[in-house]
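Trainee:
2 protein chains.
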Amino acid sequence: MINKKSTEDLSTEEKIKEAARTVFMKKGYSATRTRDIAEEAGINLALLNYYFRSKEKLFEIVMMEKMQKLFGGLVGIVTDNDTTLEKKIELLTIYYIDMLTQNPDLPIFVLSELRNNGEHLIKSLPIGNVLQQSALFKQLQVNRPDINPLHFIINILGSTIFPFVAKPMIQAVGNLNPKDFETMMEERKKLIPRWIRSMLQTK
Amino acid sequence: MINKKSTEDLSTEEKIKEAARTVFMKKGYSATRTRDIAEEAGINLALLNYYFRSKEKLFEIVMMEKMQKLFGGLVGIVTDNDTTLEKKIELLTIYYIDMLTQNPDLPIFVLSELRNNGEHLIKSLPIGNVLQQSALFKQLQVNRPDINPLHFIINILGSTIFPFVAKPMIQAVGNLNPKDFETMMEERKKLIPRWIRSMLQTK
DNA sequence: GTCTATAACCTGATAGAC
DNA sequence: GTCTATCAGGTTATAGAC
Chain A
10 MINKKSTEDL
20 STEEKIKEAA
30 RTVFMKKGYS
40 ATRTRDIAEE
50 AGINLALLNY
60 YFRSKEKLFE
70 IVMMEKMQKL
80 FGGLVGIVTD
90 NDTTLEKKIE
100 LLTIYYIDML
110 TQNPDLPIFV
120 LSELRNNGEH
130 LIKSLPIGNV
140 LQQSALFKQL
150 QVNRPDINPL
160 HFIINILGST
170 IFPFVAKPMI
180 QAVGNLNPKD
190 FETMMEERKK
200 LIPRWIRSML
210 QTK
Chain B
10 MINKKSTEDL
20 STEEKIKEAA
30 RTVFMKKGYS
40 ATRTRDIAEE
50 AGINLALLNY
60 YFRSKEKLFE
70 IVMMEKMQKL
80 FGGLVGIVTD
90 NDTTLEKKIE
100 LLTIYYIDML
110 TQNPDLPIFV
120 LSELRNNGEH
130 LIKSLPIGNV
140 LQQSALFKQL
150 QVNRPDINPL
160 HFIINILGST
170 IFPFVAKPMI
180 QAVGNLNPKD
190 FETMMEERKK
200 LIPRWIRSML
210 QTK
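Going down the list, the protein sequences come from chains A and B.
Heads up, the first sequence is in the numbering used here, so the first residue is 10 and it goes up one at a time.
Heads up, the second sequence is in the numbering used here, so the first residue is 10 and it goes up one at a time.
So this is what it looks like as structure tokens:
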């Protein structure tokens, strides 16, 4: 546990950033007050501006981190020239479900803030070109030249990410407690790769 | 066109509600100022409070409408005892893609506000019981008794709704202009029912 | 670097004239 | 019903002492 520093050990700057992650994630940009962040960090409001100049600058740092966390992880998998198409689908599924089980609020945060306060941040991530030129894209194109590969990417991400975006709704509809929800997501790790495989074979 | 009144013809109360729909939908609850709504409605700020007492009351009216619009439409389809499972899947797909093409920002609005300001509103919609006792649920259970029917519901909704939730990301990744995006969604109306069918057959 | 105090502005809501 | 004016409180950001 050498990497897991307790809050008291962190530098002031890092304490503020950590508090900002927590509060922005929970409330979104607009509903967050800098006072909330200062309180969460256990420091004074003035220090926040001393280190980060403004609420918006601090938000952009957090937002970039979260976008990276949501979309950065897939790069290593999709660009690997040594894995089969089927293996990539399996790895993506497991990666996303595990990562989102640890960070269930990540996608709704990123996707909703992207629309409200950060559409200009999309261009910062070169994820578009990476994906278009990836091994996965080419493999999909070879397998199903009749269908835009983007459809399959959407399906993989939709199958894994959507349940977390709609989590409150799904829990209500299915009468699921948090443990039930996690169990279902665990089931999906096996089901989704099978489903995507069958999609690829369906003419 | 007898139902389509121009803005000037509406009652003041309806003008304010219409403006509230527009502004809340665009900015979300927290980022919306009652002054924005008043201006959009072409009336004075005081009138908003005269008709609706508070920002929150007005928001709840809009939010209930939007939840109804997002989830109410599926009730008629899933409870129909006279359509086959396959027909229901086709109808749900077409219904959602058409409706969301007209209202692309609806799902991200509802799902993100649900988390921030309206989790207590979920219970207002009896969608949970309706779905659990629906013909669709029973048909899924008969077809695949080995898999929780909720998985398939999530897949149908995920395939149709997720692309709209992630729209800015998808457009950036795929280098799509709005017309391209619509074309892809149109393609999905044919593809998704095929995919779900093949899922149901995949052991 | 860290704090207190406060400036400068914004926001939801209401009072009161018409 | 509709308006103008304004209140009371909140919000970001900074000045200035330590």
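C-beta atoms are modelled at their ideal positions from N, C-alpha and C, and glycine is treated no differently.
Enumerate in chain order the residues of its own chain whose CB-to-CB distance from A/Y70 is below 8 Å, with the five nearest sequence positions on each side excluded.
Mentor: Position check: residue 70 of chain A holds Ile in this sequence, whereas Tyr was assumed. K26, A29, F61.
Trainee: To the nearest angstrom, how far is the alpha carbon of B/G167 from that of B/V87?
Mentor: Cα to Cα, the separation comes out at about 16 Å.
Trainee: Skipping 5 residues on each side, what residues in its chain have a beta carbon closer than 6 Å to that of B/I170?
Mentor: P116.
Trainee: What did DSSP end up calling A/Q142 once you bin it into helix, strand or coil?
Mentor: Coil at A/Q142, not helix or strand.
Trainee: Would A/K132 count as contacting chain B if we go by Cβ distances under 9 Å?
Mentor: It does; some Cβ of chain B falls within 9 Å.
Trainee: If you measure between the beta carbons of B/L54 and B/R44, is that distance less than 9 Å?
Mentor: The answer is yes: Cβ separation under 9 Å.
Trainee: Which residue comes first and which comes last in the alpha helix (DSSP H) that contains B/S39?
Mentor: Start and end: 21-40.
Trainee: Given that B/H160 touches chain A, what residues does it touch there, using C-beta distances under 8 Å?
Mentor: Under the 8 Å cutoff, chain A gives M193, E196, R197, L200.
Trainee: Quick one: grab the DSSP three-state call for B/I205.
Mentor: B/I205: helix per DSSP, three-state reduction.
Trainee: What are the residues in the segment 69-100 of chain A lying within 7 Å of chain B by C-beta distance?
Mentor: Of all residues in the segment 69-100 of chain A, none has a Cβ within less than 7 Å of some Cβ in chain B.
Trainee: Would you decide whether B/Y38 is buried or exposed? Buried here means 16 or more other CB atoms lie within 10 Å of its CB.
Mentor: Burial call: buried.
Trainee: Of all the CB atoms in chain B, is at least one closer than 9 Å to the CB of A/K64?
Mentor: No, A/K64 does not count as interfacial toward chain B.
Trainee: Excluding the 5 residues preceding and the 5 following A/K97 in the sequence, name in chain order all residues of the same chain whose CB lies nearer than 8 Å to its CB.
Mentor: The residues are I86, V87, D89, A144, L145, Q148.
Trainee: Go ahead and label B/T217 buried or exposed: buried means 16 or more other beta carbons lie within 10 angstroms of its beta carbon, across all protein chains shown.
Mentor: With chain B running from 10 to 212 in the structure shown, residue 217 of chain B is simply not present.
Trainee: Cβ of B/F33 less than 9 Å from any chain A Cβ?
Mentor: Not an interface residue.
Trainee: By the DSSP assignment, the alpha helix (DSSP H) with B/G4 in it spans what residues?
Mentor: Chain B is shown from 10 up to 212; residue 4 of chain B falls before or after that span and cannot be answered.
Trainee: When the Cα atoms are used, what is the spatial distance from A/K14 to A/Q141?
Mentor: Since pLDDT at A/K14 reaches only 47, below the 50 mark, its modelled position is unreliable, and no value is offered.
Trainee: Let me make sure I understand the geometry here. Which of A/V32, A/I103, A/P154, A/V119 has the alpha-carbon closest to that of A/K75?
Mentor: For A/K75, the nearest C-alpha among the options comes from A/V119.
Trainee: Determine, for A/A44, whether the minimum Cβ-Cβ distance to residues of chain B falls below 9 Å.
Mentor: Note on identity: in this sequence residue 44 of chain A is Arg, with Ala being the wrong assignment. Not one chain B Cβ lies under 9 Å of A/R44.
Trainee: Could you pull the start and end residues of the alpha helix (DSSP H) that A/A175 belongs to?
Mentor: Here A/A175 belongs to no alpha helix (DSSP H), and DSSP marks it neither H nor E.
Trainee: Are three or more beta carbon pairs between the segment 171-185 of chain B and the segment 146-165 of chain A nearer than 8 Å?
Mentor: Yes, the segment 171-185 of chain B is in contact with the segment 146-165 of chain A.
Trainee: Taking Cβ positions only, does A/K36 come closer than 9 Å to chain B?
Mentor: By this cut-off, A/K36 is an interface position.
Trainee: Does any residue of chain B bring its CB to less than 9 Å from the CB of A/E128?
Mentor: Output row for A/E128: interface = yes.
Trainee: Return the CA-CA distance between A/N12 and A/T41, expressed in angstroms with no decimal places.
Mentor: At A/N12 the pLDDT is 47, less than 50, meaning the model places this residue with poor confidence and gives no usable figure here.
Trainee: Are the Cβ atoms of B/E238 and B/P202 separated by less than 9 Å?
Mentor: This structure leaves residue 238 of chain B out entirely; chain B is present only between 10 and 212.
Trainee: Short of 7 Å in beta carbon distance, which residues of its chain neighbour A/D114, apart from the five on each side in sequence? Order them along the chain.
Mentor: These residues qualify, in order along the chain: M34.
Trainee: Name the residues in the segment 140-153 of chain B whose C-beta lies less than 8 Å from a C-beta of chain A; which are they?
Mentor: Listed in sequence order: L140, Q141.
Trainee: Straight-line CA distance for A/K188 to A/M194?
Mentor: Their backbone Cα atoms lie some 10 Å apart in a straight line.
Trainee: Is it buried or exposed for A/P135, if we count other Cβ within 10 angstroms and need 16 for buried?
Mentor: Classification for A/P135: exposed.
Trainee: With a threshold of 16 other CB atoms inside 10 Å of the CB of B/V182, please say whether the residue is buried or exposed.
Mentor: B/V182 is buried by the Cβ-count criterion.
Trainee: Report the neighbours of A/P177 on chain B: residues whose CB is nearer than 7 Å to its CB, in chain order.
Mentor: Residues of chain B passing the Cβ test: L123, R124, E128, I131.
Trainee: Leaving aside the five residues before and after B/L79 along the sequence, list all residues of the same chain whose C-beta is less than 7 Å from its C-beta, in chain order.
Mentor: So the qualifying residues of the chain are L115, P116, V119.
Trainee: From A/L109 to B/T21, what does the alpha carbon distance come to, in whole angstroms?
Mentor: Each residue's alpha carbon lies about 45 Å from the other.
Trainee: Just the chain B side, please: which residues come within less than 7 Å of A/V203 by C-beta, in chain order?
Mentor: According to the sequence displayed, residue 203 of chain A carries Arg and not Val. Simply T211.
Trainee: Assuming A/I106 and A/R197 form a contact by the criterion Cβ under 8 Å, report the distance between their Cβ atoms to the nearest whole angstrom.
Mentor: That belief holds up - the Cβ atoms of A/I106 and A/R197 are roughly 6 Å apart, short of 8 Å.
Trainee: Where B/E191 and A/L19 are concerned, what is the direct C-alpha to C-alpha distance, given to the nearest angstrom?
Mentor: Roughly 48 Å separates the two Cα atoms.
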